[in-house]
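Just so you know, the sequences run in chain order A and B. Counting from 1, one number per residue, gives the positions in the first sequence under this note's numbering. Counting from 1, one number per residue, gives the positions in the second sequence under this note's numbering. Cβ atoms here follow ideal geometry from the backbone N, Cα and C, with glycine treated the same way. Since the structure is predicted, the reported quantities are computational estimates derived from the model, not experimental observations.
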Amino acid sequence: MNVASRFRTLPETGDCVQFTLDGVPATAPAGVTVAAALLAHSGAWTRQTAQGAPRTAYCMMGVCFDCLVEVDGTPNTQACMTLLREGMTVRRQTGLRELNGGQRD
Amino acid sequence: MYQRTPEITIIGGGLVGLSVALGLLKAGQRVCVLDGADNDARASQGNFGLIWGQGKGWDFAPYANWTMDALAAWPAFAKQLQDLSGIDVALDQSGGYEFFTDPTEFDAFEAELAQQATHLGNRARYEMLNGEELRSQMKGIGPDVVGASFSPCDGHVNPLRFLRALRCSVQAMGGHVTLGATVSAIRLQPNGGFALALANGETLQTEQVVLCAGLGAATLARDLGFITQVRPQLGELLITEKLGDRLPFLSSTIRQVDEGGVQIGGTKANAGLDDRETLPIMSKLARHAVTVFPALADVRVVRAWGALRVMSPDGYPVYAKSSLHPGAFLVTCHSGVTLAPLHASALADWIMNTSPTPDLEAFDECRFALSHAA
């Protein structure tokens with residue numbers, strides 16, 4: 001299923017950004033949000049709720065919180081409100097976040 | 001011969017009104033609950049869900065004992081709600097802490113607990129822990145906490161599920177709950193009973209009326225000749241994202257809901273009926289939480305709100321029977337969660353005047369008469 005085809009993309013500049021999703025290298029056009037990159041990547045689920053139900057980005061405007069992922073070690077990050085940057089480490093958010101000792105990046 | 005049971009109308013469908021309704025229904029009364037408008041000041045939709053006794057009634061023995069009775073009655077009450085409504089209110093009564101960062105406040109609270117214990121006798125249960133003892137017992141408590149009190153009797157419930165469980169229980173017992181039924185005036189009927197004028201123009205008749213309308217009770221209380229004047233007290237609270245870990249404690253200011261989110265609250269302010277949250281208070285709450293438990297520092301706050309407590313002039317509950325108008329009752333209190341098991345049992349005996357009628361004289365509003373007249 002080509003999920004990306006459901007969306008009109010921003011004008012392509014030809015520039016690309018490299019990132020990793022759950023440790024696997026991936027590529028997306030420069031200037032997109034993490035959510036857009038993940039939808040274009042496979043469209044598969046990007047988080048699981050506390051009950052284990054699969055979810056992915058839905059509203060794309062910061063309201064529904066269904067796009068939460070771990071970005072560079074920070075859990076519960078709204079992927080649709082975060083621009084993808086070169087070298088980002090993105091992990092799917094499975095279940096609730098844990099306390100990590102109050103460390104900030 | 002068929003005799004019509006006197007119809008009791010409860011004005012107010014929050015925690016207090018629904019608890020009283022439940023008790024009366026269990027006692028076999030026919031009960032109707034009138035609930036007001038969505039945008040009323042609803043303490044029952046903003047509260048913290050604490051079942052709390054520490055310090056309560058330290059300078060007023062009847063309240064100390066009434067609260068302790070309620071704490072003891074909670075486990076059976078929670079089970080009753082579960083049986084009636086099918087809703088688990090997530091009662092966790094495994095004890096609660098009061099954390100202090102100011103040594104003077106810590107000492108003052110210890111004195112209050114000691115005074116409270118003299119009222120409770122052998123029911124008193126608390127211990128004081130200094131900062132070092134606390135940190136050796138519980139991992140993760142911040143270095144600036146100078147001490148804490150602990151009571152094994154305290155606990156909490158999920159406040160929203162509790163409100164829903166109460167309403168469903170009342171309905172399961174055959175009580176009628178009418179939503180959007182704001183009572184604008186109460187008129188005494190010449191032959192006894194009361195006429196309730198609703199804001200939508202309707203009038204309802206009732207033989208007895210129990211006023212449980214929280215902050216909405218002001219003008220209606222005057223209609224019935226009551227002198228109690230309740231005032232709003234603003235409390236603000238923060239809600240964090242849900243956590244997979246369980247916090248190792250429950251405190252009066254930091255509690256984790258069974259679903260994982262952390263509530264941080266406990267502020268008190270007089271702001272009239274303005275229930276908006278404020279940035280300085282929100283940042284103070286966040287700072288407090290991180291001081292007590294530094295691991296919360298990177299946890300996101302996802303919601304914040306203010307809600308208005310219902311405070312009587314001395315902060316204690318008011319249970320008043322109108323001497324002028326038999327069949328009219330006023331029930332109001334701040335601790336609608338903690339006291340709910342008693343509101344749903346002993347208070348029904350008091351309203352119906354059946355044996356054994358609990359002695360609630362200490363909570364009558366006559367204690368305000370002097371200051372009111374002055």
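- DSSP places B/Thr291 in the helix class (H, G or I) of the three-state scheme.
- DSSP lists A/Gln48 as the beta-bridge partner residues of A/Pro54.
- Leaving aside the five residues that flank B/Asp349 on each side, the residues in its chain whose CB is nearer than 7 angstroms to its CB run, in chain order, Pro356, Thr357, Pro358.
- Across the set B/Gly140, B/Ala181, B/Gln205, B/Val302, the C-alpha of B/Val302 shows the shortest separation from the C-alpha of B/Leu238.
- Of all residues in the segment 294-305 of chain B, those with a C-beta nearer than 9 angstroms to a C-beta of chain A are Pro294, Ala295, Leu296, Ala297, Asp298, Val299, Arg300, Val302, reading in chain order.
- One finds nothing in chain A with a Cβ atom closer than 8 angstroms to the Cβ of B/Lys139; even the nearest lies about 11 angstroms away.
- If one requires a minimum length of 4 residues, the alpha helix (DSSP H) runs lying completely within the segment 32-87 of chain B are 61-85, in chain order.
- At least one beta carbon of chain A lies nearer than 8 angstroms to the beta carbon of B/Asp245.
- As a beta-bridge residue in DSSP terms, B/Ile186 pairs with B/Leu196.
- Annotated as proximal: A/Gly87 and A/Gln18, with beta-carbon spacing under 8 angstroms.
- Shown here, B/Lys284 sits in a helix according to DSSP, grouped into three states.
- Here the alpha carbon of B/Val299 sits roughly 9 angstroms from the alpha carbon of B/Lys242.
- Of the candidates B/Pro190, B/Gln171, B/Thr354, B/Pro280, B/Gln171 places its Cα closest to the Cα of B/Leu84.
- The CB of A/Glu98 comes closer than 8 angstroms to the CB of Leu243, Gly244, Asp245 in chain B, given here in chain order.
- Using a CB distance below 7 angstroms, the part of the segment 27-54 of chain A facing chain B consists of Ala50, ordered along the chain.
- Note on geometry: alpha-carbon atoms of B/Gly272 and B/Cys366 lie some 25 angstroms from one another.
- B/Thr278 and B/Ile264 have their C-alpha atoms some 14 angstroms from each other.
- With fewer than 16 other Cβ atoms inside 10 Å of its own Cβ, B/Ala369 counts as exposed.
- Relative to the Cα of B/Leu166, the nearest Cα in the group B/Asp38, B/Phe60, B/Gly13 belongs to B/Gly13.
- Of all residues in the segment 59-79 of chain A, only Asn76 place a beta-carbon less than 7 angstroms from a beta-carbon of chain B.
- Look at the segment 333-368 of chain B and you find these whole runs of alpha helix (DSSP H), each 4 residues long or longer: 340-343, 346-352.
- Contact between the segment 314-329 of chain B and the segment 251-271 of chain B is absent, with fewer than three C-beta pairs closer than 8 angstroms.
- Relative to the Cα of A/Val71, the nearest Cα in the group A/Val90, A/Ala40, A/Trp45 belongs to A/Val90.
- Taking 7 angstroms as the Cβ-Cβ cut-off, the segment 256-279 of chain B approaches chain A at Gly260, given in chain order.
- In this structure B/Ala124 is in contact with B/Gln116, their Cβ atoms being roughly 7 angstroms apart against a cut-off of 8 angstroms.
- In this structure, the alpha-carbon of B/Pro294 lies about 6 angstroms from that of B/Gly142.
- Secondary structure note for B/Lys26: its alpha helix (DSSP H) is the uninterrupted segment 15-26.
- The Cβ neighbour count for B/Ser312, taken over all protein chains shown within 10 Å, is at least 16; the residue is labelled buried.
- Under DSSP, B/Arg300 forms no beta bridge with any residue.
- Of the residues B/Thr206, B/Ala41, B/Val331, B/Phe48, the one whose Cα lies closest to the Cα of B/Leu360 is B/Val331.
- In the structure shown, B/Glu7 adopts extended strand secondary structure according to DSSP, grouped into three states.
- Just so you know, the alpha carbons of B/Trp66 and A/Val34 end up roughly 56 angstroms apart.
- Cβ neighbours of B/Ala304 within its own chain (closer than 6 angstroms, five residues either side excluded): Leu238, Glu277, Met282.
- Excluding five sequence positions before and after A/Arg97, the CB atoms of its chain that fall closer than 6 angstroms to its own CB belong to Pro75, Asn76, given in chain order.
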